[in-house]
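Novice: Quick one: structure below, then a few questions.
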Amino acid sequence: MPDDRPGDIVITMLGKPGCHLCEDARAVIERVAGDLGVRWEERDITRSEADYEQYWEQIPVTLVNGVQHDFWRVDEARLRAAVAKLR
787 MPDDRPGDIV ITMLGKPGCH LCEDARAVIE RVAGDLGVRW EERDITRSEA DYEQYWEQIP
847 VTLVNGVQHD FWRVDEARLR AAVAKLR
């Protein structure tokens, strides 16, 4: 979870076990987060009824600081630009 310090950027991936698109998204998010020095986390939508109801047709879903950025596929250049804009 973000610790709410100014400038703290967190990328969150919402997915579920067995999701092949989630595996692809995870690789992109790990690379971008590592290159840009930001934190990332993963949430399993099957562990939250609210997440499941909201996102089950869209996974993987990418959030940047809690705001939905992408779903189904992660565009690496777009994600990098979104993080850079928050800096």
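The C-terminal residue of the sequence shown carries number 873 in my numbering, and the numbering is unbroken.
Cβ atoms here follow ideal geometry from the backbone N, Cα and C, with glycine treated the same way.
#1: Less than 7 Å separating the beta-carbons of LEU807 and VAL847?
#2: Indicate whether ASN851 and VAL796 have their beta-carbon atoms separated by less than 7 Å.
#3: First and last residue of the beta strand (DSSP E) that includes GLY801?
#4: From the DSSP secondary-structure annotation, give me the bridge partner or partners of THR848.
#5: Please report how far the alpha carbon of MET787 lies from the alpha carbon of ALA836, in whole angstroms.
#6: Since I believe VAL818 is in contact with VAL869 (beta carbons under 8 Å), could you give me their beta-carbon distance rounded to a whole number of angstroms?
#7: Taking the alpha carbon of ARG859 as the point to measure from, which residue in GLU827, LYS802, ASP810, PRO803 has its own alpha carbon closest?
#8: With distances taken between CB atoms, is the gap from ASN805 to ILE831 smaller than 7 Å?
#9: Could you give the DSSP three-state label for GLU843: helix, strand or coil?
Specialist: To lay it out plainly:
#1: Looking up residue 807 in the sequence shown gives position 21. Looking up residue 847 in the sequence shown gives position 61. Cβ distance not < 7 Å, so LEU807 and VAL847 don't count as in contact.
#2: Locating residue 851 in the sequence shown gives position 65, where the first residue counts as 1. Locating residue 796 in the sequence shown gives position 10, where the first residue counts as 1. Taking 7 Å as the Cβ cut-off, ASN851 and VAL796 qualify as a contacting pair.
#3: Position 15 of the sequence shown, counted from the first residue, corresponds to residue 801. GLY801 -> beta strand (DSSP E) spans 796 to 801.
#4: Along the sequence shown, read from residue 1 onward, the residue named residue 848 stands at position 62. DSSP lists MET799, ASP856 as partners of THR848.
#5: For this step, residue 787 is matched to residue 1 along the sequence shown. For this step, residue 836 is matched to residue 50 along the sequence shown. Low per-residue confidence applies at MET787: pLDDT is 42, beneath 50, and the placement is therefore not dependable, though the value from the model is reported in the following sentence. Taking the straight line joining both Cα atoms gives about 17 Å.
#6: Along the sequence shown, one-based indexing puts residue 869 at 83. Along the sequence shown, one-based indexing puts residue 818 at 32. That pair is a contact at about 7 Å.
#7: Walking along the sequence shown from the start, residue 859 turns up at place 73. Nearest of GLU827, LYS802, ASP810, PRO803 to ARG859, Cα basis: ASP810.
#8: Counting from one through the sequence shown, the residue named residue 805 turns up at place 19. Counting from one through the sequence shown, the residue named residue 831 turns up at place 45. Strictly speaking, residue 805 in this sequence is Cys, with Asn absent from that position. Not in contact: CYS805 and ILE831 (Cβ atoms no closer than 7 Å).
#9: In the sequence shown, residue 843 corresponds to position 57, counting from 1. Three-state result, GLU843: coil.
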